[in-house]
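In the UniProt record's numbering, the protein residues as written are 1 to 139.
By construction, the Cβ of each residue, glycine as well, lies at the ideal position given by its N, Cα and C atoms.
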């Protein structure tokens, strides 16, 4: 349970939201759908109760896309800048919040990886790669 609300926004700042109460579950999803919509190796998502979420501004700028055959998957995005945004699961029981859209450090950390059988063949654990604080030095 968070004592103060956590806010989030899109890249252009025209859409903002707030999560109050329980921050829910934080997990990484490696399914092919999440890879497609994030353009990355996995999606880092929080799952929160719909009653703990509210749009602060710009809700009219939120576009959505739902695959009719997918029970739990959809996407939402800012119509202005294209940033991923929170979306209501088709079951209506959870709101999926892309962790990268949070404006503050959440009080929780990821607890699991899901759909690992769908993990990209090219995926390499981040800790296995060199790390740089900025762009790597020129060779």
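Among the options, which has the Cα closest to the Cα of residue i?
{"i": "residue 12", "options": "82, 97, 88", "result": "82"}
{"i": "residue 107", "options": "34, 26, 17, 43", "result": "26"}
{"i": "residue 89", "options": "132, 135, 67, 30", "result": "67"}
{"i": "residue 51", "options": "32, 134, 92, 80", "result": "92"}
{"i": "residue 19", "options": "79, 97, 131", "result": "97"}
{"i": "residue 64", "options": "123, 87, 24, 8", "result": "87"}
{"i": "residue 61", "options": "127, 80, 136", "result": "80"}
{"i": "residue 10", "options": "21, 4, 53, 58", "result": "58"}
Are residue i and residue j touching if we call contact CB-CB under 8 Å?
{"i": "residue 102", "j": "residue 15", "result": "no"}
{"i": "residue 100", "j": "residue 44", "result": "yes"}
{"i": "residue 120", "j": "residue 41", "result": "yes"}
{"i": "residue 141", "j": "residue 84", "result": "Only positions 1 to 139 of the chain appear in the structure, and residue 141 is not among them; the question remains open."}
{"i": "residue 23", "j": "residue 56", "result": "no"}
Since residue i contacts residue j with CB under 8 Å, what's their CB separation in whole angstroms?
{"i": "residue 75", "j": "residue 37", "result": "5 Å"}
{"i": "residue 28", "j": "residue 113", "result": "5 Å"}
{"i": "residue 33", "j": "residue 73", "result": "5 Å"}
Pick out the complete alpha helix (DSSP H) segments inside the UniProt domain "CENP-V/GFA" (6 to 133), 4 residues or longer, and give them in chain order. 32 to 38
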